[in-house]
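Undergrad: This is the structure I have questions about; it appears just below.
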Amino acid sequence: MTRNSFFRGLAFLTAFALALASAHAEIRETSVWWLPRNVNMFGHDVDFLFYIILFLTGVAFIGVFFAMILFLIKYRYRPGVAAIHTHGNNALEVVWTTIPAFIFLALAIYGNEQWSKMRRQTPPANALPVAVVGEQFGWNVRYPGPDGKLGKMVAAKISKENPFGIDLADPAGLDDFTTYNELVFPVGRPVRLYLGSKDVIHAFYVPEFRLYQDMVPGRVYDFVWLKAEATGNFQLACNQLCGQGHYKMFGKLSVVPELDYETWAKSKTPPPVTMTGR
Ligand code: CUA
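With the working numbering as the guide, the letters of the sequence shown map in order to residues 1375 to 1652.
In structure tokens:
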């Protein structure tokens, strides 16, 4: 390869990478090169853990490579210098096993604590309940009507005709309204999700919420909740390869002030039949 064609290739690759990055940035609204903006209450702890692990692995990476390069130079072949045969060093091995063991243990305990906060704590009573049911390839979304209550979802009743598995006898569901690929959450108010799937495994994933939950058919996940701390437009992307249309399975998600949410909810007239998904 000539020098010229090398630089032309490099310029092409750079332009290509930049074009890709800007295409992504349009969809994602925030940074492509680093973590996307965090707008969920729980996200700070997730990011904190991420930075701790990045720091620890960064220090280990530099240490290991520094030692490796040092040894490569120090113990390189030199005529007349005999090789050293070693069978290891017990004290050293105890040290470099014990320290990582304690670090992993500490990370596991801390991580588990954060996980409990996110998934095992009961969602606050004032949380807005929102049902999201994945299908090939889109999101059925169900909001409570003026009564503030969602109809009860029964996993076994989820079907093509009844994507939310709503019990028709349940009066709480009569005034619910549904959308397709459109979600609006109020800022500063907890949102409790009821996640399910009509067909195959999908995953609820919003990077800006640091929130990911698989949705296995036959289950209703009622323990996932979040609290958005800032307004903005985001994307609910499916994060499990669920078929040929997986790539286009995204919903528009907006976080708006509470009053705007109320206005939007009022503008959605309840459907005459409560179990339709679209
Ligand atoms: Cu649904 Cu990928």
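Ideal Cβ positions, reconstructed from N, Cα and C, are used throughout, including at glycine.
It should be emphasised that the depicted structure is a prediction, and the values quoted were computed from it without experimental measurement.
State whether the stretch 1437-1446 contacts the stretch 1629-1642, with contact taken as three or more CB pairs (one from each stretch) at a distance under 8 Å.
TA: no
Undergrad: Mind checking which residues open and close the alpha helix (DSSP H) that includes M1442?
TA: G1417 to K1448
Undergrad: Let me know if S1490 comes out buried or exposed under the rule of 16 or more other beta-carbons within 10 Å of its beta-carbon.
TA: Exposure of S1490 is indicated by the presence of fewer than 16 other C-beta atoms within 10 angstroms of its C-beta.
Undergrad: Can you grab the Cα-Cα spacing for the pair A1604 / A1499, in whole Å?
TA: 21 Å
Undergrad: Report the option in F1416, S1379 and L1567 whose CA atom is closest to the CA atom of E1582.
TA: Closest by alpha carbon: F1416.
Undergrad: Which residues in the same chain have their Cβ closer than 6 Å to the Cβ of K1531, if we skip the five residues on either side of it in sequence?
TA: Leaving aside the five residues that flank K1531 on each side, the residues in its chain whose CB is nearer than 6 Å to its CB run, in chain order, G1539.
Undergrad: I need the DSSP call for A1399, collapsed to helix, strand or coil.
TA: In this prediction, A1399 has a pLDDT of 44, which is less than 50 and means its spatial position is unreliable; what the coordinates show is noted afterwards. The answer is helix: DSSP assigns A1399 an H, G or I state.
Undergrad: Between which two residues does the beta strand (DSSP E) harbouring G1570 extend?
TA: P1564 to S1571
Undergrad: Give the list of continuous alpha helix (DSSP H) stretches no shorter than 4 residues that lie fully inside the stretch 1537-1613.
TA: none
Undergrad: Tell whether a beta-carbon distance below 9 Å holds between L1542 and V1515.
TA: No, they are not a contact pair.
Undergrad: Return yes when the C-beta of N1555 is under 8 Å from any heavy atom of ligand 1, and no when it is not.
TA: no
Undergrad: Please state whether the Cβ-Cβ distance between N1653 and F1559 is less than 9 Å.
TA: For residue 1653 there is no data in the structure shown, the boundaries of the chain being 1375 and 1652.
Undergrad: Can you check which of these residues, P1497, H1576, G1619 and L1600, is closest to G1562 by C-alpha distance?
TA: L1600
Undergrad: By the three-class DSSP mapping on this structure, what secondary structure does S1533 have?
TA: coil
Undergrad: Roughly how many angstroms separate the alpha carbons of I1477 and D1419, rounded to a whole number?
TA: 18 Å
Undergrad: Throw me the rounded Cβ distance for the V1349 and F1608 pair, which I believe falls under 8 Å.
TA: Here the chain comprises residues numbered 1375 to 1652, so residue 1349 is not present and cannot be evaluated.
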